[in-house]
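Student: Below you'll find the structure I mean.
In this note's numbering, the protein residues as written are 17 to 358.
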């Protein structure tokens, strides 16, 4: 079924307190399975999470011993759950620490939590003190504050695995980290993230918006990603290239304002071109820093958007192939096929 992915989904999130999009446990499990080696004896901080409803906390608590965790810290911006215990404290944030003991349980109730003096915003001094004590941050931060959120992680030199809008790639602050190999895309994005749980007051949009068997209201914007600085072996897998530039030059027009060629689809990157190529931003999901070099983003030599015959293709990333397959340049398709069979 085709998803009706529109910006309206995430624009509406900004109207909700704390951008209340909650991540499904299935999506957390699907992504986190690739990073298990990074958590042994580590303190994990989920600083946008009410532990009583957060699936991030649920995942780490359930896998505490399997991952070899040292501690889980979750902190919440004010109260996300209304009950008899928090009627007088609803303007304060709180945090909960879990070290895997029976005393703490893995389903905290209000008497187990510790209230901040303030609202628990991730930028607050109290939350930052907890951040300093942590090793890895894993959460779904407010999309409307994504730049600021990532900047804080970089400032305090933290490892992280977080969810954001795909458009975050186009933020100059985020792209700079990717270009400098200080952050990269995770394993799943787009349709690989199946949807988010939203509050009752949130209007359900899109053809795949639904209410699941547990009564959770789910929206599937189809435009989100995981951003991380935790390495995986999949990140170093070479992209299989099958297209050639030489003999097909017409399919790769040159830019008006930069010495490079335009490539419309990531799958069409030629194996035999050693110059600069402009590729779609979705290339970053397949980006192997050992195979390609990122040159710059979006702009030509005149500091205007890259253009071909006066028209500007959607955001392009300029790259170079580090592993040119020059042995194929002068071969016919038939000769190439014969080689690859042996």
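The beta carbon of each residue, even a glycine, is placed where N, CA and C say it ideally should be.
Leaving out five residues before and five after residue 290 in sequence, what residues of the same chain have Cβ atoms less than 6 Å from its Cβ?
Tutor: Against the chain shown, residue 290 aligns to sequence position 274. Here the set comprises 340.
Student: Beta strand (DSSP E) containing residue 60: first to last residue?
Tutor: Residue mapping note: residue 60 aligns to position 44 of the chain shown, counting from 1. Start and end: 59 to 62.
Student: Smallest Cα separation from residue 173: which of 180, 149, 157 and 159?
Tutor: Residue mapping note: residue 173 aligns to position 157 of the chain shown, counting from 1. Among 180, 149, 157 and 159, the Cα nearest to that of residue 173 belongs to 149.
Student: Going straight from the alpha carbon of residue 133 to that of residue 37, what length do you get?
Tutor: In the chain shown, the residue the question calls residue 133 occupies position 117. In the chain shown, the residue the question calls residue 37 occupies position 21. C-alpha separation (whole angstroms): 25 Å.
Student: Straight-line CA distance for residue 233 to residue 276?
Tutor: Taking the first residue of the chain shown as 1, we reach residue 233 at position 217. Taking the first residue of the chain shown as 1, we reach residue 276 at position 260. Roughly 46 Å separates the two Cα atoms.
Student: Which partner residues of residue 303 appear in the DSSP bridge assignment?
Tutor: In the chain shown, the residue the question calls residue 303 occupies position 287. None, per the DSSP bridge assignment.
Student: Of all the options 94, 56, 53 and 46, which has the alpha carbon lying nearest to the alpha carbon of residue 72?
Tutor: Numbered from 1 along the chain shown, position 56 holds the residue referred to as residue 72. The candidate whose alpha carbon is nearest that of residue 72 is 46.
Student: Could you tell me which of 208, 167, 207 and 206 sits nearest to residue 189, measuring between CA atoms?
Tutor: Position 173 of the chain shown, counted from the first residue, corresponds to residue 189. The residue with the shortest Cα to Cα distance from residue 189 is 167.
Student: Can you find at least 3 beta carbon pairs, one from the segment 233 to 243 and one from the segment 197 to 212, that sit closer than 8 Å?
Tutor: yes
Student: State the DSSP-derived secondary structure class of residue 159, mapped to helix, strand or coil.
Tutor: Here residue 159 corresponds to residue number 143 of the chain shown, with the count starting at 1. Residue state, collapsed to three classes: helix.
Student: Taking only the alpha-carbon atoms, compute the straight-line gap between residue 286 and residue 247 and give it to the nearest angstrom.
Tutor: Taking the first residue of the chain shown as position 1, residue 286 is located at position 270. Taking the first residue of the chain shown as position 1, residue 247 is located at position 231. Residue 286 and residue 247: Cα-Cα distance of roughly 27 Å.
Student: Taking buried to mean at least 16 other C-beta atoms within 10 Å of its own C-beta, is residue 77 buried or exposed?
Tutor: Counting from 1 along the chain shown, the entry for residue 77 is found at position 61. The residue is buried, with at least 16 neighbouring Cβ atoms inside 10 Å.
Student: Measuring straight from C-alpha to C-alpha, what distance separates residue 84 and residue 269?
Tutor: By one-based count along the chain shown, residue 84 stands at place 68. By one-based count along the chain shown, residue 269 stands at place 253. If I take the Cα positions, the gap works out to 52 Å.
Student: Relative to the C-alpha of residue 304, which residue among 184, 195 and 114 is closest?
Tutor: For this step, residue 304 is matched to residue 288 along the chain shown. Nearest option by C-alpha distance: 195.
Student: Where do the N-terminal and C-terminal ends of the beta strand (DSSP E) with residue 181 fall, by residue?
Tutor: The sequence position of residue 181 within the chain shown is 165, counting from 1. Here the beta strand (DSSP E) through residue 181 covers 175 to 181.
Student: Assign residue 264 to one of three DSSP states: helix, strand, or coil.
Tutor: In the chain shown, residue 264 corresponds to position 248, counting from 1. Here residue 264 sits in coil by DSSP.
Student: Starting from residue 41 and walking both ways along the alpha helix (DSSP H), at which residues does that stretch end?
Tutor: Stepping through the chain shown from its first residue, residue 41 is reached at position 25. First-last of the alpha helix (DSSP H) with residue 41: 41 to 48.
Student: With a threshold of 7 Å on Cβ separation, who are the neighbours of residue 235 within its own chain once the five nearest residues in sequence on each side are excluded?
Tutor: By one-based count along the chain shown, residue 235 stands at place 219. Setting aside the 5 residues that flank it on each side, residue 235 is surrounded in the same chain by 25, 211, 212, 214, 220, 221, 222 and 225, each with a C-beta closer than 7 Å to its C-beta; the list follows chain order.
Student: Between which two residues does the alpha helix (DSSP H) containing residue 296 stretch?
Tutor: Translated into the one-based positions of the chain shown, residue 296 becomes position 280. No alpha helix (DSSP H) contains residue 296, which is instead part of the beta strand (DSSP E) from 292 to 296.
Student: By DSSP, does residue 279 sit in helix, in strand, or in coil?
Tutor: Along the chain shown, one-based indexing puts residue 279 at 263. Note: residue 279 maps to coil in three-state DSSP.
Student: When burial is assigned at 16 or more other CB atoms within 10 Å of the CB, is residue 143 buried or exposed?
Tutor: By one-based count along the chain shown, residue 143 stands at place 127. When all chains shown are included, residue 143 counts as buried.
Student: Over the uninterrupted beta strand (DSSP E) stretch that includes residue 216, give me the two end residues.
Tutor: Working through the chain shown from its first residue, we reach residue 216 at position 200. No beta strand (DSSP E) contains residue 216, which DSSP labels as neither H nor E.
Student: For the candidate residues 86, 279 and 274, whose alpha-carbon lies nearest to that of residue 265?
Tutor: By one-based count along the chain shown, residue 265 stands at place 249. It is 279.
Student: Counting along the chain, where does the beta strand (DSSP E) carrying residue 234 start and finish?
Tutor: Stepping through the chain shown from its first residue, residue 234 is reached at position 218. Residue 234 -> beta strand (DSSP E) spans 233 to 235.
Student: Measure from the alpha carbon of residue 114 to the alpha carbon of each residue in 80, 94 and 64, then state which is nearest.
Tutor: Residue 114 sits at position 98 when you count from the first residue of the chain shown. Of the candidates 80, 94 and 64, the one whose C-alpha sits nearest the C-alpha of residue 114 is 80.
Student: Hey, residue 311 and residue 292: beta-carbon distance below 7 Å or not?
Tutor: By one-based count along the chain shown, residue 311 stands at place 295. By one-based count along the chain shown, residue 292 stands at place 276. Going by beta carbons, residue 311 and residue 292 fall inside the 7 Å limit.
Student: Mind checking residue 69: buried by the 16 CB within 10 Å criterion, or exposed?
Tutor: For this step, residue 69 is matched to residue 53 along the chain shown. The residue in question, residue 69, is exposed, as its Cβ has fewer than 16 Cβ neighbours within 10 Å.
Student: Round the Cβ separation of residue 309 and residue 338 to the nearest angstrom and send it over; I've been treating them as touching at under 8 Å.
Tutor: Numbered from 1 along the chain shown, position 293 holds the residue referred to as residue 309. Numbered from 1 along the chain shown, position 322 holds the residue referred to as residue 338. Between residue 338 and residue 309 the Cβ distance is about 6 Å, and since that is below 8 Å, they are a contact.
Student: Taking just the CA atoms, how far does residue 82 sit from residue 322?
Tutor: Mapped onto the chain shown, residue 322 falls at position 306. Mapped onto the chain shown, residue 82 falls at position 66. Cα-Cα distance, rounded: 49 Å.
Student: What's the C-alpha gap between residue 20 and residue 181?
Tutor: As a working note, residue 20 is residue 4 in the chain shown. As a working note, residue 181 is residue 165 in the chain shown. Confidence at residue 20 is low in this model, with a pLDDT of 40, below 50, so the placement of that residue should be treated as unreliable; the coordinate-derived value is given next. Approximately 16 Å, taken between the alpha carbons.
Student: Helix, strand or coil: which one does DSSP assign to residue 244?
Tutor: The residue labelled residue 244 in the question sits at position 228 within the chain shown. If DSSP states are grouped into helix, strand and coil, residue 244 belongs with the strands.
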